[in-house]
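J.:
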Amino acid sequence: MISCPGKVLITGAYLILESSYRGLVLSLDSRIGVTIECRDLEKEENQQNNNTDSCKISVDSPILNFLQNYEYDLSSRKLVVPSNAVPNSFVEKTLEYTIGIVAELYGITSLKNQMINIKITTDKAFYFSTSKEEKITKTGLGSSAAMTTALCGALLWKFSNLHKPKTSNQEDLQEKEKEKEKNTEKEKEKIVELESSEIENVFMKFGEKKQRYQDIVFRLSLFAHCLAQGKIGSGFDISSAVYGSHCFQRKTQTILEKLLDLYQSSEETEKSKKHFYKEILNQLLFNPCLAENTKSMKSSQNLEDTHFDMPNELELIMANDGMFTKTTGMVRSVLKWKKTDPVSSLKLWNQLGELNEEFFLKMKNFQISGLSEIKSLFSKIRKLLKQMGENSKAEIEPDSRTIFLDKLNKMPQIVAAGVSGAGGYDSIFLIYMKSEKNTKAINQVLQDNEFKLLPVNYENRGILLHPLKK
Numbered sequence: 001m002i003s004c005p006g007k008v009l010i011t012g013a014y015l016i017l018e019s020s021y022r023g024l025v026l027s028l029d030s031r032i033g034v035t036i037e038c039r040d041l042e043k044e045e046n047q048q049n050n051n052t053d054s055c056k057i058s059v060d061s062p063i064l065n066f067l068q069n070y071e072y073d074l075s076s077r078k079l080v081v082p083s084n085a086v087p088n089s090f091v092e093k094t095l096e097y098t099i100g101i102v103a104e105l106y107g108i109t110s111l112k113n114q115m116i117n118i119k120i121t122t123d124k125a126f127y128f129s130t131s132k133e134e135k136i137t138k139t140g141l142g143s144s145a146a147m148t149t150a151l152c153g154a155l156l157w158k159f160s161n162l163h164k165p166k167t168s169n170q171e172d173l174q175e176k177e178k179e180k181e182k183n184t185e186k187e188k189e190k191i192v193e194l195e196s197s198e199i200e201n202v203f204m205k206f207g208e209k210k211q212r213y214q215d216i217v218f219r220l221s222l223f224a225h226c227l228a229q230g231k232i233g234s235g236f237d238i239s240s241a242v243y244g245s246h247c248f249q250r251k252t253q254t255i256l257e258k259l260l261d262l263y264q265s266s267e268e269t270e271k272s273k274k275h276f277y278k279e280i281l282n283q284l285l286f287n288p289c290l291a292e293n294t295k296s297m298k299s300s301q302n303l304e305d306t307h308f309d310m311p312n313e314l315e316l317i318m319a320n321d322g323m324f325t326k327t328t329g330m331v332r333s334v335l336k337w338k339k340t341d342p343v344s345s346l347k348l349w350n351q352l353g354e355l356n357e358e359f360f361l362k363m364k365n366f367q368i369s370g371l372s373e374i375k376s377l378f379s380k381i382r383k384l385l386k387q388m389g390e391n392s393k394a395e396i397e398p399d400s401r402t403i404f405l406d407k408l409n410k411m412p413q414i415v416a417a418g419v420s421g422a423g424g425y426d427s428i429f430l431i432y433m434k435s436e437k438n439t440k441a442i443n444q445v446l447q448d449n450e451f452k453l454l455p456v457n458y459e460n461r462g463i464l465l466h467p468l469k470k
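The numbering of the sequence shown is the UniProt record's numbering, which starts it at 1 and goes up by one.
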């Protein structure tokens with residue numbers, strides 16, 4: 001099973017849409033996992049599929065009560081969606097696009113007559129409901145990005161293992177495989193962080209430089225997410241799903257724009273569709289400039305190291321009152337204001353960008369003696385975000401949230417409490433000084449204000465491989 005974490009954007013909302021600014025994103029212990037099993041229908045009894053250039057796909061997501069069957073036409077590189085199917089653009093676009101990449105890499109024979117069974121497991125923190133009968137709503141932890149990344153990563157992982165390319169040192173690789181089989185059961189059960197040289201061997205098909213699995217999945221998942229949304233976002237949620245916690249800075253926008261235009265035009269003919277997938281490989285996998293650019297997403301022009309881990313003295317919790325916000329309209333409002341009032345908006349963004357950088361550095365090099373300065377910095381960040389919302393007519397920090405967050409931030413044990421991501425009525429986050437006494441006091445305040453604590457904690461791990469129990 002491949003799994004990816006949820007996220008919370010602490011600073012950098014809206015600003016990270018531009019490559020000049022950065023934002024602090026934290027990964028969580030709530031994860032979405034994807035398990036894939038393949039069967040060869042041609043080898044099964046009473047199956048006559050020899051002349052069918054297609055494969056069948058089944059997707060099961062129990063928590064969403066989602067069970068859907070699809071067929072993938074290998075000739076046209078299109079996913080055939082039943083007319084009565086429940087629409088899910090993130091599942092559909094990720095399947096169509098990633099299987100198209102697999103077909104381009106390993107040939108259509110690698111997929112022909114295959115039955116691909118996909119199971120998506122989701123931790124409860126991604127959704128909120130007050131009763132069994134009530135319709136569940138998202139809590140804003142990045143479920144779509146985590147699912148897209150896990151699905152893309154699982155498909156690539158599965159078929160790269162089924163169809164390892166032959167190399168000049170194939171015998172050496174076979175010997176390594178034999179050695180692996182001799183490992184103890186304890187070693188086999190270990191969760192693997194997908195960035196080792198062993199994993200690079202599996203992906204030798206992707207080029208001589210043996211790019212890391214993480215970088216490959218990041219690039220391909222980022223574009224899959226763009227296809228599902230019909231637009232190019234910042235990519236911070238995909239980045240955290242792959243790499244874990246870090247200070248994010250946007251990259252690859254120009255390439256993604258060109259590929260999105262190419263994808264839209266490729267819908268016309270079968271020939272143009274195949275050309276599109278060749279360009280995907282050339283631009284997102286074999287492009288030496290991009291490979292160098294994403295060699296480590298945790299490096300930056302401004303700071304040598306953008307890696308972040310929560311200081312041991314601090315704890316992160318998240319809470320939700322059952323309300324949620326569709327942030328797409330808010331983003332449009334902010335960008336419209338920025339366009340119509342470029343002078344004052346640029347001044348505000350630059351001020352906010354500087355505060356975000358200061359906050360990141362203070363948190364990265366956390367000292368208890370600097371607690372009051374960190375609280376002051378975050379207060380200034382909130383005020384500028386509030387001002388941005390008022391200027392753009394977007395409820396980035398709604399008045400009701402402001403009253404409650406002001407109350408929380410006045411508590412001496414709280415370092416920072418704010419709206420997550422683009423803001424609105426999605427879940428709030430609280431970073432506080434770790435102690436049992438503080439936890440009880442904060443939980444009581446949340447309960448008194450009808451906020452429900454989400455079953456989620458901070459965990460700095462990105463995409464993971466979980467060996468299946470036999």
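For each residue, glycine too, the CB sits at the ideal point set by N, CA and C.
Any idea if residue 386 is buried or exposed, counting beta-carbon neighbours within 10 angstroms, 16 or more meaning buried?
T.: Position 386 of the sequence shown, counted from the start, is the residue given in the question as residue 386. With 16 or more Cβ atoms within 10 Å of its Cβ, residue 386 is classed as buried.
J.: So, residue 57 versus residue 116, is the Cβ gap smaller than 8 Å?
T.: For this step, residue 57 is matched to residue 57 along the sequence shown. For this step, residue 116 is matched to residue 116 along the sequence shown. In contact: residue 57 and residue 116 (Cβ atoms closer than 8 Å).
J.: Could you check which residue in 360, 223, 146 and 367 has the C-alpha nearest to that of residue 377?
T.: As a first step, residue 377 is located in the sequence shown; it is residue number 377 there, counting from the start. Comparing Cα-Cα distances from residue 377 to each of 360, 223, 146 and 367, the minimum goes to 360.
J.: My understanding is that residue 22 touches residue 356, with C-beta atoms under 8 Å, so please give their C-beta distance in whole angstroms.
T.: Within the sequence shown, residue 22 is the residue found at index 22, counting from 1. Within the sequence shown, residue 356 is the residue found at index 356, counting from 1. That pair is a contact at about 7 Å.
J.: Does the separation of the CB atoms of residue 30 and residue 128 fall below 8 Å?
T.: In the sequence shown, counting from the first residue as 1, residue 30 sits at position 30. In the sequence shown, counting from the first residue as 1, residue 128 sits at position 128. Contact: no.
J.: Can you give the Cα-Cα distance for residue 408 and residue 84, rounded to whole angstroms?
T.: Along the sequence shown, read from residue 1 onward, the residue named residue 408 stands at position 408. Along the sequence shown, read from residue 1 onward, the residue named residue 84 stands at position 84. Computed Cα separation, rounded: 48 Å.
J.: I'd like to confirm the pairing. Which residues does DSSP put opposite residue 63 in its beta bridges?
T.: For the purposes of this step, residue 63 is identified with residue 63 of the sequence shown, where counting begins at 1. None; residue 63 has no bridge partner.
J.: Mind checking residue 454: buried by the 16 CB within 10 Å criterion, or exposed?
T.: On the sequence shown, residue 454 is found 454 positions in, with the first residue counted as 1. Counting Cβ neighbours within 10 Å, residue 454 comes out buried, since at least 16 surround it.
J.: Would you call the region 430-448 and the region 220-229 touching, i.e. three or more CB-CB distances under 8 Å?
T.: The region 430-448 vs the region 220-229: no contact.
J.: Return the chain-ordered ranges of every alpha helix (DSSP H) run that is complete within the region 224-295 and spans a minimum of 4 residues.
T.: Taking only runs of at least 4 residues, the alpha helix (DSSP H) segments lying wholly in the region 224-295 are 236-243, 253-266, 270-280 and 288-293.
J.: Near residue 271, which residues of its chain fall below 8 Å by C-beta distance, leaving aside the five closest residues on each side in sequence?
T.: Taking the sequence shown and counting its residues from 1, one reaches residue 271 at position 271. Excluding positions up to five away in sequence, the list is empty.
J.: DSSP on residue 168, reduced to helix/strand/coil?
T.: For the purposes of this step, residue 168 is taken as residue 168 along the sequence shown, with counting starting at 1. Any reading at residue 168 must be qualified, since the residue scores a pLDDT of 36, below 50, and its modelled position is unreliable; the value itself is stated next. Residue 168: coil per DSSP, three-state reduction.
J.: Cα separation between residue 38 and residue 90?
T.: If you number the sequence shown from 1, residue 38 lands on position 38. If you number the sequence shown from 1, residue 90 lands on position 90. Using only the alpha carbons, I get a separation of about 21 Å.
J.: Can you give me the C-alpha to C-alpha distance between residue 339 and residue 333, rounded to a whole angstrom?
T.: As a position in the sequence shown, residue 339 is number 339, starting the count at 1. As a position in the sequence shown, residue 333 is number 333, starting the count at 1. Distance between the alpha carbons of residue 339 and residue 333 is about 10 Å.
J.: Please confirm if the region 272-287 is in contact with the region 51-70, defined as three or more CB-CB distances below 8 Å between the two stretches.
T.: Too few Cβ pairs lie closer than 8 Å, so no.
J.: Along the beta strand (DSSP E) that carries residue 37, what are the first and last residues, could you check?
T.: Position 37 of the sequence shown, counted from the start, is the residue given in the question as residue 37. Counting along the chain, the beta strand (DSSP E) containing residue 37 begins and ends at 22-40.
J.: Mind checking which residues open and close the alpha helix (DSSP H) that includes residue 345?
T.: Locating residue 345 in the sequence shown gives position 345, counting from the first residue. From DSSP, the alpha helix (DSSP H) with residue 345 extends over 342-364.
J.: Sort 147, 319, 348 and 283 by Cα distance to residue 257 and report the nearest one.
T.: Looking up residue 257 in the sequence shown gives position 257. Nearest C-alpha to residue 257: 283.
J.: Quick one: which unbroken beta strand (DSSP E) runs of 3-plus residues sit fully inside the region 384-435? Chain order, please.
T.: Those beta strand (DSSP E) runs which fall completely within the region 384-435 and span 3+ residues are 414-419 and 428-433.
J.: Have a look at residue 291 and residue 417 and give me their C-alpha separation to the nearest angstrom.
T.: The residue given as residue 291 occupies position 291 in the sequence shown. The residue given as residue 417 occupies position 417 in the sequence shown. No answer about residue 291 holds up, because its pLDDT of 46 lies below 50 and its placement is not dependable.
J.: Using the beta-carbon count (16 or more within 10 Å), is residue 301 buried or exposed?
T.: For this step, residue 301 is matched to residue 301 along the sequence shown. The predicted position of residue 301 is uncertain, since its pLDDT is 33 and thus under 50; a value taken from the coordinates is nonetheless stated next. Classification for residue 301: exposed.
J.: Helix, strand or coil: how does DSSP classify residue 97 here?
T.: Stepping through the sequence shown from its first residue, residue 97 is reached at position 97. Residue 97: helix per DSSP, three-state reduction.
J.: Leaving out five residues before and five after residue 195 in sequence, what residues of the same chain have Cβ atoms less than 7 Å from its Cβ?
T.: Residue 195 sits at position 195 when you count from the first residue of the sequence shown. Note that residue 195 scores a pLDDT of 46, beneath 50, so its modelled location is shaky; the value from the coordinates is reported in the next line. Cβ within range, chain order: 212, 213 and 214.
J.: Per DSSP, residue 73 is paired with what?
T.: To locate residue 73, count along the sequence shown from 1; it is residue 73. DSSP output for residue 73 lists 54 and 78 as bridge partner(s).
J.: Where does residue 330 fall in DSSP's three states?
T.: Within the sequence shown, the letter at position 330 stands for residue 330. Note: residue 330 maps to helix in three-state DSSP.
J.: How would you call residue 315, buried or exposed, if buried means at least 16 neighbouring beta carbons within 10 angstroms?
T.: If you number the sequence shown from 1, residue 315 lands on position 315. The residue in question, residue 315, is buried, as its Cβ has 16 or more Cβ neighbours within 10 Å.
J.: Quick check on DSSP: helix, strand or coil for residue 149?
T.: To locate residue 149, count along the sequence shown from 1; it is residue 149. Looking at residue 149 - three-state DSSP - the assignment turns out to be helix.
J.: Buried or exposed, going by whether 16 or more other CB atoms sit within 10 Å of the CB of residue 490?
T.: Because residue 490 is not part of the residues shown, which for the chain are 1 to 470, the question remains open.
J.: Excluding the 5 residues flanking residue 312 on each side, which residues of the same chain have their C-beta closer than 8 Å to its C-beta?
T.: Along the sequence shown, read from residue 1 onward, the residue named residue 312 stands at position 312. Within the same chain, residue 312 has close Cβ partners 434.
J.: Distance, Cα to Cα, residue 449 vs residue 428?
T.: In the sequence shown, counting from the first residue as 1, residue 449 sits at position 449. In the sequence shown, counting from the first residue as 1, residue 428 sits at position 428. About 13 Å.
J.: Using the C-alpha atoms, what's the distance from residue 346 back to residue 158?
T.: Counted from its first residue, the sequence shown places residue 158 at position 158. Counted from its first residue, the sequence shown places residue 346 at position 346. Their backbone Cα atoms lie some 46 Å apart in a straight line.
J.: What does the alpha-carbon distance come out to for the pair residue 70 and residue 62?
T.: For the purposes of this step, residue 70 is taken as residue 70 along the sequence shown, with counting starting at 1. For the purposes of this step, residue 62 is taken as residue 62 along the sequence shown, with counting starting at 1. Computed Cα separation, rounded: 17 Å.
J.: According to DSSP, simplified to helix, strand and coil, what is residue 320?
T.: To locate residue 320, count along the sequence shown from 1; it is residue 320. DSSP places residue 320 in strand when its eight states are reduced to three.
J.: Do residue 236 and residue 25 have their beta-carbon atoms positioned less than 8 Å apart in this structure?
T.: The sequence position of residue 25 within the sequence shown is 25, counting from 1. The sequence position of residue 236 within the sequence shown is 236, counting from 1. Cβ distance < 8 Å, so residue 25 and residue 236 count as in contact.
J.: Please say whether residue 151 and residue 34 have beta carbons closer to each other than 8 Å?
T.: Locating residue 34 in the sequence shown gives position 34, counting from the first residue. Locating residue 151 in the sequence shown gives position 151, counting from the first residue. The answer is yes: Cβ separation under 8 Å.
J.: Helix, strand or coil: which one does DSSP assign to residue 113?
T.: One-based indexing of the sequence shown puts residue 113 at position 113. Looking at residue 113 - three-state DSSP - the assignment turns out to be coil, as it is neither helix nor strand.
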